Amino acid sequence: MEKQPEGGWQSNKTVIECNRYMLQNRVSTDVCLEVGKPETKVTLFFAHQYVLISRSPVFEELLSHEKQEKADIMPILKITDIPPDAVEAILKYIYCDDLAIHHLTVFDILRGAKKLNLTSLVKACHDYLESHLSVNKVCDFLEKASDVAGDPFIMQCMYYIWHHAKDVLESKGFTLLSEAMLMAIVSSDYIVLPEKLILKACLRWAEKRCTDANVVPTPEMLRNCLGEIIYEIRFPLMEPKDFANMVGHSDLLTTEEKSDIYTHMLASNGPSTHKSLFKSSPRTPKSVMTRFPVVMKRMTAEGGEGEGTADEAIVFTVDHDILLCGIGVYGAVTPGRIQVHLQLIANGTVPVSLASDLTIDCDGQRDPYELSLPVPVYLTKRQPYTVVVNIRGGTTYNGYRGNGNITNDGVTFTFSKSELSDNDTVIT
């Protein structure tokens with residue numbers, strides 16, 4: 001038996017260390033968590049009602065009910081939809097605030113945290129996932145997030161895919177998508193790519209399905225694998241030459257379907273009036289809003305050229321919900337390199353996006369350089385957002401005579417002064 005220190009095992013331990021010891025060594029436990037299904041394998045975890053109740057209102061309700069039903073028996077809570085390794089990680093968080101999150105368990109932990117109403121653990125899972133989003137992982141994340149009903153990370157994945165469409169559609173992960181998730185992506189108006197690239201990606205996906213099923217990927221079998229997804233590929237928007245080369249001589253589409261699409265493409269009076277199963281409306285392109293009609297060198301108060309080192313900030317609102325993909329900043333007057341730190345803040349205090357230590361190689365152009373946000377951000381109408389930018393590296397251009405209200409593609413932006421600006425950035 002392990003020798004106890006003088007004064008007992010509690011000696012020189014913090015509250016968290018004591019909690020961890022009691023959990024690991026089952027000291028005075030009074031509740032059992034039965035994890036798994038009897039027909040497979042059940043794992044037992046022993047815990048303390050007081051600790052569980054102190055962290056989770058769901059545990060509080062469950063244990064209150066158990067106490068009323070079986071006052072003299074240690075309550076057993078059955079958990080069948082969360083695997084043991086995730087339950088163990090959740091208990092470590094409840095007892096010690098330990099975040100034992102990694103890519104193999106994060107979605108199971110997220111599902112359990114939502115079920116138990118552990119809001120801070122839910123946020124920690126979201127933070128982990130957002131920080132690990134990449135072209136190679138986003139499709140896998142999207143699939144797993146779809147199993148967590150109503151989780152907002154699903155939309156974060158979609159935003160990422162919309163903004164990195166070409167790279168994602170060419171990734172290996174794209175071919176591993178389920179039919180439902182492929183449909184969600186291909187049917188979106190926000191996949192702004194030439195339609196031939198979308199067709200090519202869908203054919204890669206179908207070929208993978210055929211290969212996995214040991215089926216020869218003939219055009220007919222590819223069509224069969226795609227099912228209803230074929231009607232989300234906007235063939236009428238393809239260049240006639242591309243359509244002829246990729247589809248015209250194959251049996252991917254029927255003769256009648258190809259004839260209808262050719263008619264739509266070549267009709268001199270616009271699209272075919274024949275009702276087609278294939279969509280012909282353009283996918284929504286990215287819209288670029290420019291506020292300044294005049295661009296000049298940045299000048300100091302004394303009239304000389306100035307290098308911007310202070311934070312520049314401005315507040316804006318939009319009158320429609322939009323997806324913000326990036327921010328434009330003016331570059332250096334002479335060829336050279338500048339460093340940019342960019343932050344987007346909601347309601348004046350809540351950071352929603354951060355792009356730090358970005359490098360721009362400037363060629364002296366007056367047009368702004370587009371800085372893409374790490375993940376596109378969904379902006380809610382009428383909510384104030386603040387853009388804070390810090391640029392270092394040389395004299396840059398500045399915009400002048402800016403408009404306080406600008407409408408672009410049906411969306412109105414309204415700008416106002418920000419208290420976060422260090423250099424008195426103004427609207428005009």
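Following full-length UniProt numbering, the numbering of the sequence shown begins with 1 at its first residue and continues without gaps.
Where a beta carbon is used, it is the ideal one built from N, C-alpha and C, also for glycine.
Since we're looking at a predicted model, the values are computed, not measured.
query, result
"Can you check the region 60 to 117 for any beta strand (DSSP E) of at least 3 residues that lies completely inside it and give the ranges in chain order?", "76 to 79"
"Going by DSSP in three states, residue 372 sits in which element: helix, strand or coil?", "strand"
"Which partner residues of residue 341 appear in the DSSP bridge assignment?", "390"
"Using the three-state DSSP reduction, which class does residue 398 fall into: helix, strand or coil?", "strand"
"Determine, using beta-carbon pairs with one atom in the region 379 to 397 and one in the region 329 to 346, whether at least three such pairs fall under 8 angstroms.", "yes"
"With 16 other CB atoms within 10 Å as the buried threshold, where does residue 511 fall?", "Residue 511 is absent from the structure shown; the chain starts at 1 and stops at 428."
"Please state whether the Cβ-Cβ distance between residue 371 and residue 318 is less than 7 angstroms.", "no"
"Does the region 246 to 266 touch the region 129 to 138, meaning 3 or more C-beta pairs lie closer than 8 angstroms?", "no"
"My output table needs one value for residue 435: the three-state DSSP class, helix, strand or coil.", "Limits of the chain in this structure are 1 at one end and 428 at the other, which puts residue 435 out of reach."
"Enumerate in chain order the residues of its own chain whose CB-to-CB distance from residue 153 is below 7 angstroms, with the five nearest sequence positions on each side excluded.", "126, 129, 145"
"Who are the Cβ neighbours of residue 338 in its own chain at under 8 angstroms, not counting the five residues just before and after it?", "331, 332, 359, 360, 362, 391, 392, 393, 394, 396"
"Let me know if residue 108 comes out buried or exposed under the rule of 16 or more other beta-carbons within 10 Å of its beta-carbon.", "buried"
"CA-CA distance, residue 141 and residue 6?", "50 angstroms"
"So, residue 415 versus residue 292, is the Cβ gap smaller than 7 angstroms?", "no"
"Which partner residues does residue 417 have in the DSSP bridge list?", "314"
"Could you compute how far the alpha carbon of residue 402 sits from the alpha carbon of residue 388?", "17 angstroms"
"Residue 329 by DSSP, collapsed to three states: which one?", "strand"
"Taking Cβ positions, are residue 447 and residue 16 nearer each other than 7 angstroms?", "Outside the modelled stretch of the chain, which goes from 1 to 428, sits residue 447, for which no answer is possible."
"Leaving out five residues on either side along the sequence, give the residues of the same chain with a beta carbon under 7 angstroms from the beta carbon of residue 113.", "90, 121, 122, 125"
"So, at 6 angstroms on beta carbons, what are the nonlocal neighbours of residue 353 in its own chain, with the 5 sequence-adjacent residues on each side left out?", "344, 373, 377"
"I need the DSSP call for residue 6, collapsed to helix, strand or coil.", "coil"
"Helix, strand or coil for residue 45 per DSSP?", "strand"
"Here's a check: name, in chain order, each residue in its chain whose Cβ is nearer than 6 angstroms to the Cβ of residue 49, leaving out the five neighbours to either side.", "30, 31, 63"
"Is it the case that the Cβ atoms of residue 205 and residue 182 are separated by a distance below 7 angstroms?", "yes"
"Hey, out of 176, 28, 289, whose CA is closest to residue 411's CA?", "289"
"What separation, rounded to the nearest whole angstrom, lies between the Cα atoms of residue 327 and residue 418?", "17 angstroms"
"Could you tell me how far apart the beta carbons of residue 232 and residue 279 are, in whole angstroms, since I believe they sit closer than 8 angstroms?", "7 angstroms"
"Thinking residue 27 and residue 35 are a contact (beta carbons under 8 angstroms), I'd like their distance in whole angstroms, please.", "So it is not a contact: roughly 20 angstroms between Cβ atoms."
"From 238, 242, 335, 209, pick the residue whose C-alpha is nearest to that of residue 227; which is it?", "209"
"Taking its Cβ as the centre, do 16 or more other Cβ atoms sit within 10 Å of residue 201, making it buried, or is it exposed?", "buried"
"Going by DSSP, what residue range makes up the alpha helix (DSSP H) through residue 161?", "153 to 163"
"Buried or exposed: which applies to residue 350, given that a residue is buried once 16 or more other Cβ atoms fall within 10 Å of its Cβ?", "exposed"
"Check each candidate in 369, 420, 407 and name the one with the smallest Cα separation from residue 399.", "369"
"Below 7 angstroms CB to CB, which residues in the same chain sit around residue 106 once its five sequence neighbours on both sides are set aside?", "125, 128, 129"
"Thinking C-alpha only, which one of 19, 115, 83, 12 is nearest residue 61?", "115"
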